[in-house]
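These notes are about the structure you will find just below.
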Amino acid sequence: MKKQYLMCYVLFMSVIGIASAQITGTVLDEDGEPLPGASVVVKGTTTGSTTDFDGLFSIDAEVGDKLVISYIGYETKEVTAAAGGMSVQLSSGVALSEVVIIGSRNPNRTATESMVPVDVISMKELNSVAPQVNLNQILNYVAPSFTSNTQTISDGTDHIDPASLRGLGPDQVLVLINGKRRHTSSLINVNGTFGRGSVGTDLNAIPAAAIQRIEVLRDGAAAQYGSDAIAGVINIVLNKSVNELNTTVTTGANFSKNANDQTGGVDGATTNVSASYGVPLGQNGGFLNLSGDFDVRQDYSRMREWEGDVFNQYNVVERFARNDGYDLTNLLDDDVADVIQYANQAGINLNGASTKAELQPILSADATDAELAARGQERSDYNMRVGQSALRGGRIFANFSMPLDDNGTEVYSFAGISSRTGNSAGFYRLPNQSRTFTPAYNNGFLPEINSTIKDRSLSVGIKGKINEWDVDLSNTYGKNSFLYTIGNTFNASMQNASPTIFDAGGFSFAQNTANLDVSRFFEDALSGLNVAFGGEYRVENYDIEAGEEASYSQYTADGQRITLASQQPSQDFFGNGRPGGSQVFPGFSPNNELSRGRSSVAGYIDIEADFSEKFLASFATRFENYSDFGSTINFKLATRYKINDNLNIRAAANTGFRAPSLHQINFNSTSTIFDQNGDPQEVGTFANDSRAAKLLGIPELKEETSSSVSVGFTAKIPDANLTLTVDGYYVEINDRVVYTGQFSGPGTGTELDNLLRQANATAASFFANAINTESRGLDVVLTHQANLSDNWRLKSDLAGTFSKTNQIGDINASQVLEDAGLVDTYFPEDSRVYLEEAVPRTKINLSNSLTSDKWIMFLRNVYFGEVTEATTVVGNQQVFGTKLVTDLSIGYKATDALTLTVGANNLFDIYPDRAEEQFNNRSSGRFDWSRRAQQFGIGGRFLFARVNFTLK
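Under this note's numbering, the first residue of the sequence shown carries the number -16, and numbering increases by one thereafter.
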């Protein structure tokens, strides 16, 4: 009998042990390969685990529990826990919102359970089917809240695309890589584009091949991550794949009705070659992944024909003198006998004029049509390059991890380096302008900006456990440099002595960030409590490097560099002073040269509590102190209430800030900026601590501050395979930094006049905390999945953003500006349009992906809302209507290793509305499409072909 009781007891305990033992299993992709990093969560709890590099997982659960298994880019699957080793296979798909990494420091949080909206974008399928290959354009078409476009005729901004989130500035979104702060670009946007006066992050320095996924947090997060996170955070997660070589070659071009200066055909060819390979390290899941790409992008132009004046009668005289072998510089002196001689040969009626003063009004008359015919030229020979700059560059990133034991201790690192050169052109310098020294350029010239942009970064860290606390200690360094070489140009004041290529100097920005992050999840506190705290120390440095003397100086007729107000520059035949410096981009002078640094320290606390299975709340606060402007403290409170398993309501409120960048505080230079009529202005940018700023009562920069709220819900309809998220938001920003209008001196020898003259400028601009703004909007994401048959799957995503930004309150102008009536120059009308209406406020994206074992078919339609021309004349503010752009690609998996894809971006060759003559913004034919208000660019239809080769 005792033996029978003993056997029953052993059997009973065995059953209990099986029911409560750890559940183990393997998660595989659709090809049967392990999926490392997949999330495994017991449904309805915060108990979770992740798979290792062999796809294995182990989780505390009971037999019969429901396990929710998810992975970025794959359909989430719900299975029943079973004894023994389970095997779960996931199906792939492009996902906009699944697993959450940013926005919460709880390692088990999923997107539909999060308290703030997060888009998670898998790069695996996008790299196969999307037409875009650079990161800015990939995000522009896949994430509706993100906007970025290639700019034109905007100096350095032609080479680094500004980007925004929720319609806010490029410097109001924080970029992370693997959760670590990314440094910004060294370029500050001062020309006529959206984001003027801001500094963004150069996302195109990161190769798409190196990215596993992109997480876009669409909510203010300065209390969690620090400065810049007013609009949100973009976190780029690098590749961890091993034992897989992935290579891709993409080539394409614009096949458009408006290609080649609107004559049609093919232009703007682009080729990108990318590769990614990883190797396992050690026995505990270590890895080293190397990914990189190389691309070449040709320029294109969409200017049809110059419609303005090209030649005057003096240019006719020059042609006859040149044909006679005469030295044209001799025509410029006060002895006008030679001018009269060749004018008579040309048949010009001088009406008895015998002095230079008498000849000037006669020879300034227009002679364009006759002279074009005489020289065998057309008006299109004087076109600018309005469209896309040429680029050539390469990037490589490494991602490394080495676990040191079985307890989670890990050394990790990631690094990147990129280098690219660019070539863009400015406004054509015509023969009848004083800017053109016709003895050197008898037909004028198109000056070119050649850029050399280098970017490097390195992050090293160690993380592990100390008494159940997760500890992460890291240091991240990054530097970006931008150097200018100005070609096919001239310093007109030097006359014959001028070179045609100039080293114009440049700038660089470096940042080093040390972080300590500590967190712990208390499973037994409430229904789950996550406590995180940490600190940060950051050092930044901004440098401006001077160019060669001739690139920034103005000279007298006898070749003396002008340093005194009494000196006069060399003149053209009509007595106009010739401008100095390298035209299109005057170089930085030693007066501009500087090296400025600052440091900041920060500490934060982040608490997230599941008060019950239904109610979740978090609180975060962060204190920061900057060496150059003081301290700030910010808060964030977020909640989520689970009505049922399929419906969550969420809300958040936070304060934030953005420290003025070192660029905005210290940048100073002289640039050629063309006004709304296409007339050149030499505009000096002066620092806020300069004498010029003090004369106008412009204060030194301080931080921007923000407050925001968001409310939304997430819903799932399992029977229909639908997921829906809707989030509304309101953001108020005070003391927003803008780039002012152009202040001119009275021309009476005042101190301001003298300061402008010393800077070789005719007007002055500054960075200033000029305005307060509010932004409000609604983001909607609807996802549907369907298995059409055993082999065919359809994934559809409908996402839209509806936003509006407005200036609120009065302009924050000084009494000096008010008394002088210069408030409208401090924040001019075109700056208001750049802020409120120059990018689409409505953007809707519908993506459909139909896949089988052999085929991938991708269809995407993007609706771009209207935009407004940014000009100071209200009557000239043309509104450009809404447009729908369609992308289509078809991929065929020829073998397990080889995939072939062909497709199109902008399949139907859609263009923005043309600039209408009545609004006076075409600048005599230069701009048939706006350069100040961008929706999706002016490239037209882009056709591409791609070959992907994968070895496993």
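Built from N, CA and C at the ideal position, the CB exists for glycine as well.
All values reported here derive from a predicted model rather than from experimental measurement.
{"Query": "Straight-line Cα distance separating Arg403 from Leu374", "Result": "7 Å"}
{"Query": "Cutoff 6 Å; reference Leu871; Cβ partners in own chain excluding five residues on either side", "Result": "Leu842, Gly886, Ala887, Leu890"}
{"Query": "Pairwise C-alpha distance: Ser595 and Leu630", "Result": "16 Å"}
{"Query": "C-beta contact flag for Phe571 and Gln647 at 7 Å", "Result": "no"}
{"Query": "Segments assigned beta strand (DSSP E), at least 3 residues, entirely inside the region 560 to 637", "Result": "577 to 593, 598 to 609, 613 to 627"}
{"Query": "At least 3 beta-carbon pairs within less than 8 Å: the region 221 to 233 vs the region 271 to 279", "Result": "yes"}
{"Query": "Status (buried if at least 16 other CB within 10 Å, exposed otherwise) for Pro145", "Result": "buried"}
{"Query": "Gly580 vs Asn671 beta-carbon contact at 7 Å", "Result": "no"}
{"Query": "Classification of Gln195 by the beta-carbon crowding that lies within 10 angstroms, buried from 16 upward", "Result": "buried"}
{"Query": "Contacting residues, own chain, Cβ-Cβ under 8 Å from Val319 (five flanking each side not counted)", "Result": "Ser337, Thr338, Lys339, Leu342"}
{"Query": "Beta-carbon spacing of Gly864, Glu852 below 7 Å", "Result": "no"}
{"Query": "Thr708 versus Tyr54: straight-line alpha-carbon distance, rounded", "Result": "19 Å"}
{"Query": "DSSP three-state assignment for Ser372, whether helix, strand or coil", "Result": "coil"}
{"Query": "Reference Arg165, options Asn904, Asp364, Asn187, closest by Cα", "Result": "Asn187"}
{"Query": "Tyr208 - containing alpha helix (DSSP H), residue span", "Result": "205 to 208"}
{"Query": "Beta bridge counterpart(s) of Met385 as assigned by DSSP", "Result": "Val394"}
{"Query": "Cα-Cα separation, Ile873 to Val930", "Result": "12 Å"}
{"Query": "Chain D within 7 Å of Ala188, Cβ atoms only", "Result": "Note that chain D does not occur in the displayed structure, where there is just one protein chain."}
{"Query": "Simplified DSSP state of Glu899, which is helix, strand or coil", "Result": "coil"}
{"Query": "Distance, Asn237 Cα to Phe925 Cα", "Result": "4 Å"}
{"Query": "Whole-Å CB distance - Thr784 paired with Asp802, under 8 Å assumed", "Result": "About 42 Å; that fails the 8 Å criterion."}
{"Query": "Val77 in three-state terms, based on DSSP", "Result": "Confidence at Val77 is low in this model, with a pLDDT of 38, below 50, so its placement is unreliable and no value can be given for it."}
{"Query": "Environment of Glu361 [buried if 16+ CB atoms lie within 10 Å]", "Result": "exposed"}
{"Query": "Chain-order list of residues whose beta-carbon lies under 8 Å from that of Thr34 (same chain, five-residue window excluded)", "Result": "Thr9, Val10, Pro17, Leu18, Pro19, Gly20, Ala21, Val23, Phe40"}
{"Query": "Whole beta strand (DSSP E) elements within the region 394 to 477, 3-residue minimum", "Result": "431 to 449, 452 to 470"}
{"Query": "Residues near Ile6 by beta carbon distance below 6 Å, same chain, minus five either side", "Result": "Ile42, Ala44, Ala64"}
{"Query": "Counterpart residues of Tyr260 in DSSP-defined beta bridges", "Result": "Leu228, Leu273"}
{"Query": "Stretch-stretch touch, CB-based, cutoff 8 Å, three pairs: the region 538 to 546 with the region 510 to 522", "Result": "no"}
{"Query": "Gly76 versus Ala191 - alpha carbon distance", "Result": "Confidence is the limiting factor: at Gly76 the pLDDT is only 46, short of 50, which leaves the residue's position unreliable and the question unanswerable from this model."}
{"Query": "According to DSSP, residues forming a beta bridge with Val868", "Result": "Val845"}
{"Query": "For Ile217, the nearest candidate out of Asp278, Arg358, Leu159, Thr539 (CA to CA)", "Result": "Leu159"}
{"Query": "Option in Asn433, Ser652, Ala585, Gln768 with minimal Cα separation from Ile700", "Result": "Gln768"}
{"Query": "Beta-carbon contacts of Leu678 that lie in its chain and below 7 Å, excluding the five residues immediately before and after", "Result": "Glu734, Leu735"}
{"Query": "Through-space distance from Ser111 to Asp836, alpha-carbon basis", "Result": "15 Å"}
{"Query": "Enclosing beta strand (DSSP E) for Glu537 [first to last residue]", "Result": "Residue identity check: residue 537 is Gln in the sequence provided, not Glu. No beta strand (DSSP E) contains Gln537, which DSSP labels as neither H nor E."}
{"Query": "Assigned secondary structure, Val936 (DSSP; H/G/I helix, E/B strand, else coil)", "Result": "This structure cannot speak to residue 936, because the chain is shown only from -16 to 935."}
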